[in-house]
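**Student:**
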Amino acid sequence: MKFWKRRNRCLWMAIAILLVCSLAAFATPETAPPAVPAAQAAPAAVPPTPAPAVAPPAMDVPLDTKAAAAPSVDELAKGDPSGTKIGTVSDVIAADSKKGLTLADLVNQAGQNRIAINFVWTLITGFLVMFMQAGFAVVETGLTRAKNANHTMMMNFMVYGFGLFAYWVCGFAIQMGSAGPYSTLGGGAGLTGEYTINLFGKPFGLWGTHGFFMTHGGAYDVAAMVMFLFQMVFMDTALTIVTGTCAERWKYLAFAVSSVFMGALTYPLFANWAWGGGWLSQLGTNFGLGHGYADFAGSGVVHSVGGVTALALGMMIGPRIGKYTRRGKPNAIPGHDITWVLTGCFILAFGWFGFNPGSTLAASGNGALRISSVAVNTMLAGCTGSFGAILYMWIRYGKPDASMSGNGLLAGLVAITAPSGFVNTIGAAIIGSVAGVLVCLSVEFFDRVIKVDDPVGAISVHGANGLWGVISVGLFADGTSNYGGSWNGVNGGVTGLFYGDPGQLVAQLIGVGTLIGFVFSLSYVSGWIIDIIIGQRVPAADELAGLDIPEMGALCYPEFVLKPEPEMEPAMAAGD
């Protein structure tokens, strides 16, 4: 015990000494070195002789590459299992083989490699987005009835061709005719034509004027071709959204004409205002509203444009026969294959890794390494979107609903598309979970209140949640993104209301109002004209029998015996 007390006493004394020494160390002022007597002072310093300027290295002088000599042919012949013998100085191409490798060759090779990385990244992600068309096709076909499966699949198949043709003729020029040059792709310098008017003393860009047929105004350019492919598959996504809402009663010829019109005019015009240097993108530089309308990968430009167009045409064409009772109560018309539906949702979720991360248009430079953050945000929002939808349906109806769970996944992915490049993972999870609940509420609203028949829920998945995604940029953008130091010509990262910039939310709301007003009006008017000329809806007898034979000439499932719904037999007997 005495030893323990003695030991404690020694411990406290040691701690006290350490404290005193520490305080003394902090309290002791920094002492200056002793002054040198005047007699011993050094003579006045002589200004140092400036070093001779070093001439910059000559760019065209052959380099001494002995230290970086490549493996010999004999060494390479033995194989390279470790991958350390290739990718050496011998793989750098000299512009003049007689002169040999120069510093200019190395610098040019570095620039070429960066652009090549960005080319390959953007092209591969574009290929992924194109494959999403398969996902849309099987989701929509599974959610419709077997008697219309061929017709629904053929709309999803040919919307690619109709839209691509229209976009090649004029759509790309209208959308991206003034978006060049592309900082990440190193080209497109000729695409600088924009029709502009002046309002309030500010320029308002309305549509591009260079790039028709991908040959006019500098469009015959390798970088412009990369941009065309990537933007085209986005446009095609918007077009295919409409086919889901209008399925099971849309005349195929009307579908074809509507798709061409949308790919040539409706989609490109709004996309120009948002992505092609048009007036919405300039709300920041012209009026100080944040960074202007910001839509990283297209919640508004792609999904809401498709959803709002679907709403206009769905209202015009009207509901399917048997969807509503005489009192206006909606009847459920289930699809024929939930397996196809959920398989398609997986395909779409996979393709979204091209949709969102690919929208950096780069994997090298310009802050493009944020592709990892964009990809994770995309995953999280899809996950929490399906959570939100399944929980809502489980609580409200007592059972988890498979089709709404799939739509919840897609709703989360749609909502995160605009903010994916600007938000952190917490924001992404919140945005997705809100989208999952919103899609359920929106489906019930359009089905029961507005009474717009939407067989696949496209208006709610893409229209409503696309708008939510646009608004969420103005709320959750955290200001940490840095894509070349600016966005839409405004320095710094896009920052939303919750992180200190209310102006960004105002810009987003202006974009939302413009999208709804312009796209709905143009779509309804164009659809009305098409209806007058060729008609939008199939005859009632064809609709009741199924559109595969009347419209397409062949059944999707010829070995099946398709029976009409019992309550529809009298209407079928009456014909038109």
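Take 5 as the starting number for the sequence shown in our numbering and just add one per residue. Cβ coordinates follow ideal geometry from the N, Cα and C atoms, glycine included. As the structure is a prediction and not an experimental result, all values here were calculated from the model.
1) Does the contact criterion of 3 or more C-beta pairs under 8 Å hold for the stretch 275-282 versus the stretch 172-181?
2) Could you check if lysine 151 is buried or exposed, using at least 16 other CB atoms within 10 Å of its CB as the buried criterion?
3) Which of helix, strand or coil does DSSP assign to serine 437?
4) Which same chain residues end up closer than 8 Å to leucine 105 when comparing Cβ atoms and leaving out the 5 residues on each side of it in sequence?
5) With distances taken between CB atoms, is the gap from methionine 231 to glycine 192 smaller than 8 Å?
6) Just to confirm my understanding: we take phenylalanine 522, look at its own chain, exclude 5 residues before and 5 after, and list those with CB closer than 8 Å. What are they?
7) By the three-class DSSP mapping on this structure, what secondary structure does tyrosine 487 have?
8) Please report the distance separating the alpha-carbon of alanine 258 from that of glutamine 137.
9) Does DSSP put proline 207 in a helix, in a strand, or in coil?
10) Would you grab the beta carbon distance between valine 529 and methionine 319 for me? Rounded to a whole angstrom, and I think it's under 8 Å.
11) State the start and end residues of the unbroken alpha helix (DSSP H) segment that holds glycine 194.
12) Could you compute how far the alpha carbon of tryptophan 532 sits from the alpha carbon of glycine 557?
13) So which of Ile325, Phe238, Val77 and Phe391 has the shortest CA-CA distance to cysteine 250?
14) Between arginine 452 and threonine 329, what straight-line distance do the alpha-carbon atoms span, to the nearest angstrom?
15) Which residue's Cα is closest to the Cα of phenylalanine 502: Ser390, His155 and Ala481?
16) Output the distance between the C-alpha atoms of glycine 322 and threonine 289, rounded to the nearest integer angstrom.
17) In the structure shown, what three-state DSSP assignment does valine 427 receive?
18) Let me confirm a value: proline 562 is counted as buried when at least 16 other C-beta atoms fall within 10 Å, else exposed. Which label applies?
19) Ordered along the chain, which non-local residues of its own chain (more than five positions away) have a Cβ less than 8 Å from that of valine 447?
20) Among Val173, Val312, Val264 and Tyr271, which residue has its Cα nearest to the Cα of histidine 466?
21) Taking the C-alpha atoms as reference points, what is the distance between alanine 379 and alanine 353?
22) Thinking C-beta only, is threonine 244 closer than 8 Å to asparagine 122?
23) Do the stretch 503-511 and the stretch 292-299 meet, that is, are 3 or more Cβ pairs less than 8 Å apart?
24) Contact check, alanine 419 vs leucine 384 under 8 Å by CB: the rounded distance?
25) Are the stretch 389-400 and the stretch 203-218 touching, with three or more C-beta to C-beta distances below 8 Å?
26) If you reduce the DSSP assignment to three classes, tell me which class arginine 452 lands in.
27) Using the rule of at least 16 other Cβ atoms within 10 Å of the residue's Cβ for burial, across every protein chain shown, is alanine 336 buried or exposed?
28) What is the DSSP secondary structure of threonine 270, reduced to helix, strand or coil?
29) In the DSSP assignment, the alpha helix (DSSP H) including glycine 515 goes from what residue to what residue?
30) Do the CB positions of tryptophan 125 and alanine 366 come within less than 8 Å of each other?
31) In angstroms with no decimal places, state the Cα-to-Cα distance between leucine 445 and glycine 215.
32) Quick check: the Cα distance between leucine 417 and threonine 343, rounded to an integer number of angstroms?
33) Using only CA atoms, which one of Thr148, Leu395 and Val173 lies nearest to proline 338?
34) Which word fits glutamate 79, buried or exposed, when buried means at least 16 other C-beta atoms lie within 10 angstroms of its C-beta?
35) Glutamine 512: buried (16+ other C-beta within 10 angstroms of its C-beta) or exposed?
36) State the DSSP-derived secondary structure class of tryptophan 277, mapped to helix, strand or coil.
**Tutor:** Let me spell this out:
1) Touching, yes.
2) buried
3) helix
4) Pro66, Leu67, Thr69, Val93, Val96 and Ala98
5) yes
6) Leu273 and Phe274
7) coil
8) 20 Å
9) strand
10) No, valine 529 and methionine 319 are not in contact; Cβ-Cβ is about 13 Å, not under 8 Å.
11) Element bounds for glycine 194: n/a, residue is neither H nor E.
12) 27 Å
13) Ile325
14) 12 Å
15) Ala481
16) Taking the straight line joining both Cα atoms gives about 43 Å.
17) coil
18) exposed
19) Met408, Asn411, Asp458, Gly461 and Ser464
20) Closest in C-alpha terms to histidine 466, from the list Val173, Val312, Val264 and Tyr271, comes Val312.
21) 11 Å
22) no
23) yes
24) That pair is no contact at about 11 Å.
25) no
26) helix
27) Around the beta carbon of alanine 336, fewer than 16 other beta carbons lie within 10 angstroms, which makes this residue exposed.
28) Here threonine 270 sits in helix by DSSP.
29) 506-537
30) yes
31) 42 Å
32) Using only the alpha carbons, I get a separation of about 20 Å.
33) Thr148
34) exposed
35) buried
36) helix
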